[in-house]
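Sequential numbering of the sequence shown, starting at 18, is according to the numbering used here. Okay, so here's the structure we're looking at.
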Amino acid sequence: MPEPGKKPVSAFSKKPRSVEVAAGSPAVFEAETERAGVKVRWQRGGSDISASNKYGLATEGTRHTLTVREVGPADQGSYAVIAGSSKVKFDLKVIEAEKAEPMLAPAPAPAEATGAPGEAPAPAAELGESAPSPKGSSSAALNGPTPGAPDDPIGLFVMRPQDGEVTVGGSITFSARVAGASLLKPPVVKWFKGKWVDLSSKVGQHLQLHDSYDRASKVYLFELHITDAQPAFTGSYRCEVSTKDKFDCSNFNLTVHEAMGTGDLDLLSAFRRTSLAGGGRRISDSHEDTGILDFSSLLKKRDSFRTPRDSKLEAPAEEDVWEILRQAPPSEYERIAFQYGVTDLRGMLKRLKGMRRDEKKSTAFQKKLEPAYQVSKGHKIRLTVELADHDAEVKWLKNGQEIQMSGSKYIFESIGAKRTLTISQCSLADDAAYQCVVGGEKCSTELFVKEPPVLITRPLEDQLVMVGQRVEFECEVSEEGAQVKWLKDGVELTREETFKYRFKKDGQRHHLIINEAMLEDAGHYALCTSGGQALAELIVQEKKLEVYQSIADLMVGAKDQAVFKCEVSDENVRGVWLKNGKELVPDSRIKVSHIGRVHKLTIDDVTPADEADYSFVPEGFACNLSAKLHFMEVKIDFVPRQEPPKIHLDCPGRIPDTIVVVAGNKLRLDVPISGDPAPTVIWQKAITQGNKAPARPAPDAPEDTGDSDEWVFDKKLLCETEGRVRVETTKDRSIFTVEGAEKEDEGVYTVTVKNPVGEDQVNLTVKVIDVPDAPAAPKISNVGEDSCTVQWEPPAYDGGQPILGAES
Numbered sequence: 018m019p020e021p022g023k024k025p026v027s028a029f030s031k032k033p034r035s036v037e038v039a040a041g042s043p044a045v046f047e048a049e050t051e052r053a054g055v056k057v058r059w060q061r062g063g064s065d066i067s068a069s070n071k072y073g074l075a076t077e078g079t080r081h082t083l084t085v086r087e088v089g090p091a092d093q094g095s096y097a098v099i100a101g102s103s104k105v106k107f108d109l110k111v112i113e114a115e116k117a118e119p120m121l122a123p124a125p126a127p128a129e130a131t132g133a134p135g136e137a138p139a140p141a142a143e144l145g146e147s148a149p150s151p152k153g154s155s156s157a158a159l160n161g162p163t164p165g166a167p168d169d170p171i172g173l174f175v176m177r178p179q180d181g182e183v184t185v186g187g188s189i190t191f192s193a194r195v196a197g198a199s200l201l202k203p204p205v206v207k208w209f210k211g212k213w214v215d216l217s218s219k220v221g222q223h224l225q226l227h228d229s230y231d232r233a234s235k236v237y238l239f240e241l242h243i244t245d246a247q248p249a250f251t252g253s254y255r256c257e258v259s260t261k262d263k264f265d266c267s268n269f270n271l272t273v274h275e276a277m278g279t280g281d282l283d284l285l286s287a288f289r290r291t292s293l294a295g296g297g298r299r300i301s302d303s304h305e306d307t308g309i310l311d312f313s314s315l316l317k318k319r320d321s322f323r324t325p326r327d328s329k330l331e332a333p334a335e336e337d338v339w340e341i342l343r344q345a346p347p348s349e350y351e352r353i354a355f356q357y358g359v360t361d362l363r364g365m366l367k368r369l370k371g372m373r374r375d376e377k378k379s380t381a382f383q384k385k386l387e388p389a390y391q392v393s394k395g396h397k398i399r400l401t402v403e404l405a406d407h408d409a410e411v412k413w414l415k416n417g418q419e420i421q422m423s424g425s426k427y428i429f430e431s432i433g434a435k436r437t438l439t440i441s442q443c444s445l446a447d448d449a450a451y452q453c454v455v456g457g458e459k460c461s462t463e464l465f466v467k468e469p470p471v472l473i474t475r476p477l478e479d480q481l482v483m484v485g486q487r488v489e490f491e492c493e494v495s496e497e498g499a500q501v502k503w504l505k506d507g508v509e510l511t512r513e514e515t516f517k518y519r520f521k522k523d524g525q526r527h528h529l530i531i532n533e534a535m536l537e538d539a540g541h542y543a544l545c546t547s548g549g550q551a552l553a554e555l556i557v558q559e560k561k562l563e564v565y566q567s568i569a570d571l572m573v574g575a576k577d578q579a580v581f582k583c584e585v586s587d588e589n590v591r592g593v594w595l596k597n598g599k600e601l602v603p604d605s606r607i608k609v610s611h612i613g614r615v616h617k618l619t620i621d622d623v624t625p626a627d628e629a630d631y632s633f634v635p636e637g638f639a640c641n642l643s644a645k646l647h648f649m650e651v652k653i654d655f656v657p658r659q660e661p662p663k664i665h666l667d668c669p670g671r672i673p674d675t676i677v678v679v680a681g682n683k684l685r686l687d688v689p690i691s692g693d694p695a696p697t698v699i700w701q702k703a704i705t706q707g708n709k710a711p712a713r714p715a716p717d718a719p720e721d722t723g724d725s726d727e728w729v730f731d732k733k734l735l736c737e738t739e740g741r742v743r744v745e746t747t748k749d750r751s752i753f754t755v756e757g758a759e760k761e762d763e764g765v766y767t768v769t770v771k772n773p774v775g776e777d778q779v780n781l782t783v784k785v786i787d788v789p790d791a792p793a794a795p796k797i798s799n800v801g802e803d804s805c806t807v808q809w810e811p812p813a814y815d816g817g818q819p820i821l822g823a824e825s
């Protein structure tokens, strides 16, 4: 932290101004620092400029000069000069030689057009509410060279947005270039801040989105232009580009720096008026004098440049917290403790309250200990007394216990009448009461160990939620278990409001949770520590109506039917159909229907008078779905593509193996099919006749295996859709099902698919396995005293499997 009353040595006493230069002429920029010997860097697009044939750099004492020789369109853009922690940006604009006019010395900008402190006035194009970014503006410098060979051959981006930095109140442009040579339609590009906030909803005075197309290079240019940058704009951003079948995404960061020094604070600009009718946006016209004075903006700027004399809370680190607490009212104790990292405020106040100065003249001490000492964590402290007797022995006590010599932690020194206790590497355990004892007399003091400032290591992120959704802000700090404060719109959120907010600590992470967000919860939230602050915005929106299917343009001939159909996310929403902006009244020819989430408009017997713009407007939502009906005088017949039918079975030679099923179980034959138009499917079963020659040989009958039955051509048509045997057919498959297979279901099944352009057929053999019949009556012979011979014939039906033997 700089010493009170001193400006940073790197501050500029003269800053370069933005200029317009004719093509082919040199451009000269000058800057002066407050003292000589300060190292100055010139930049373009975040990259340092070095001396070359193009750039000339010169330094004379406090004067620093950048010369751009023979400027051309490629040199147009944003430049910067940096000295220490001070950075000033300026622009170079190149105009055609025949349009160039004599350059006048730049006049001081009025208070309303002044840029941020520490930065040159912004160009007029950047101060306008809707002024587009000029070619070659800061975006060109931030995002690399002018369009040429792609620097990112992967994905849709030819050039991705790059990280950028800007001073408070300044302007910056991020650019993305997308190759369009292979795209049939323009790509869709969205810009986001954080994870959810769509910046298209934030377009206004501070943010504009621009896009253009270069037909020569076939490259789309998309720009995000930010003006009057504020600290809250700092964070991560994302650019998403999508086409019909491709998607690409690029992340980048924006850093908004506070202006350096107090001399650049523009009170006239800060003490401006804001229009009540303008929604709080700044009015830059000088004739506008309505509205109220913006005191909050002035106070914020004044606080950001406050010196230690302005507030005790902004005092340098070496100022004694004990002295601040002694002079502050009790209502300020908690805030002071939070600012200076005092973890045990109650214990500190209790100890301080019990301290009393001993006004009685001491015979042992010429100089006693101070009432209190303060030291930062990790540093060392010396406690010194002066004795009346140079040879007297002393004892040092900590909380009443004598301190013993232990390594390098405690060091005892005796120089003449001085006695010193040095405590190294102070920790919170050293925060205690200390005493120096000489004989029967003693003097006391208090040592307070102050923790270092707690820093923000991972900031908050903006969030966009719907009403009723859960919100969780998460922030990470440098110290585990650190004290933090949560604020909403500058007001601290206290523990008494736990019915609305929940606070959670997890090591270095701190969470603020809102279980069910309401509209009034929208605002700016902040987490404050003793060494920093993290900001984020919460946007709460009413439930949106999502459009799942929008209505499409139609081209309909005479006497045909036109159907407009759309589908939305809420099945209870109602709506109105419009024709050329006027409400459409249904009649015998025009019908309106609403079934669930689908809304439909049907027009029968279309006539030329029906050609118009049609719209569907949902009630209660700012949404309008539009399409156009084109009337065709000549009807065009559409001849669909035709494809022969085909049965897809994964088997060799298209002759599948026998399908075996146990009697009583379910038989299911699932046959994939294809064809355009959809084919007709026919299932048939071959009929068998025992020991009879077939009337006509079946084309796909199985080979003779020696069995007594032979296959004949006669077949039974199967087309039932219900019952034990049923057939179900869809566009791409046909399913034959038999519930509880029986012996008579055994046989050969033929499936045939037909359409106007062909036919395909496959035979499937089904075998049913069942319990065999009982054998014939046995014959008993050779009856003896203890044995006989039994003979029987095998059963007439073996159950579909050979009889292997019998059990007695």
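Just so it is clear, CB atoms sit at the ideal spot from N, CA and C, and this is done for glycine as well. Given the structure is predicted, the values throughout are model-derived calculations rather than measurements.
Bridge partners for residue i per DSSP, in chain order?
i    : result
W809 : In the DSSP output, where bridge partners are listed per residue, W809 has none listed.
Y518 : Note: Y518 sits in no beta bridge, so no partner.
Y861 : Residue numbering for the chain in the displayed model covers 18 to 825; residue 861 lies beyond these limits and cannot be assessed.
A196 : V236
Y390 : L464
S431 : R436
K505 : V508, Y542
G581 : A small correction: the amino acid at residue 581 is Phe; Gly does not occupy that position in the sequence shown. Paired residue(s): L618.
R827 : Residue numbering for the chain in the displayed model covers 18 to 825; residue 827 lies beyond these limits and cannot be assessed.
M483 : Q558
Using only the alpha-carbon positions, how far apart do residue i and residue j sit?
i    : j    : result
L342 : I353 : 8 Å
E410 : P476 : 55 Å
V36  : S229 : 26 Å
Y427 : T437 : 10 Å
I827 : W700 : There is no way to answer for residue 827, as the model of the chain reaches only from 18 to 825.
D587 : I612 : 11 Å
V508 : Q356 : 17 Å
F250 : Q659 : 59 Å
D265 : L200 : 14 Å
S379 : G457 : 11 Å
D108 : N589 : 55 Å
D815 : A758 : 17 Å
V195 : V205 : 10 Å
E810 : P792 : 6 Å
L691 : H665 : As written in the sequence, residue 691 is Ser, which differs from the Leu given in the question. Roughly 8 Å separates the two Cα atoms.
V783 : L734 : 16 Å
C736 : R743 : 7 Å
C805 : T767 : 53 Å
K732 : P694 : 27 Å
F29  : A381 : 58 Å
W208 : Q179 : 13 Å
Under 8 Å between the Cβ atoms of residue i and residue j?
i    : j    : result
L642 : L571 : no
P696 : N780 : no
D193 : F174 : It is Ala, not Asp, that sits at residue 193 in the sequence shown. Closer than 8 Å, so yes.
V4   : L536 : The structure shown does not extend to residue 4, since the chain is modelled only from 18 through 825, so no value can be given for it.
E496 : R526 : no
P470 : K394 : no
G252 : D479 : yes
V807 : I820 : no
A534 : A644 : no
L226 : Y254 : no
A44  : K31  : no
Q: Would you check if there are 3 or more beta carbon pairs closer than 8 Å linking the segment 519-526 to the segment 558-566?
A: Contact fails between the segment 519-526 and the segment 558-566, because fewer than three Cβ pairs, one in each stretch, are under 8 Å apart.
Q | Segment contact, 8 Å Cβ cut-off, at least three pairs: the segment 79-96 with the segment 45-52 | A | Enough Cβ pairs lie closer than 8 Å, so yes.
Q: Inspect the CB distances between the segment 493-512 and the segment 530-537 and report whether three or more fall short of 8 Å.
A: Judged by pairs of C-beta atoms under 8 Å, the segment 493-512 does not touch the segment 530-537, as fewer than three such pairs exist.
Q) Are three or more beta carbon pairs between the segment 680-698 and the segment 749-768 nearer than 8 Å? A) Enough Cβ pairs lie closer than 8 Å, so yes.
Q | Touch test, the segment 628-639 against the segment 545-554, Cβ-Cβ under 8 Å, three pairs minimum | A | By the Cβ test, the segment 628-639 is not in contact with the segment 545-554, since fewer than three Cβ pairs between them sit closer than 8 Å.
Q: Please go through the segment 550-576 and give each complete beta strand (DSSP E) segment of 3 or more residues, from N-terminal end onward.
A: Segments of the beta strand (DSSP E) lying fully in the segment 550-576: 550-558, 564-566, 571-574.
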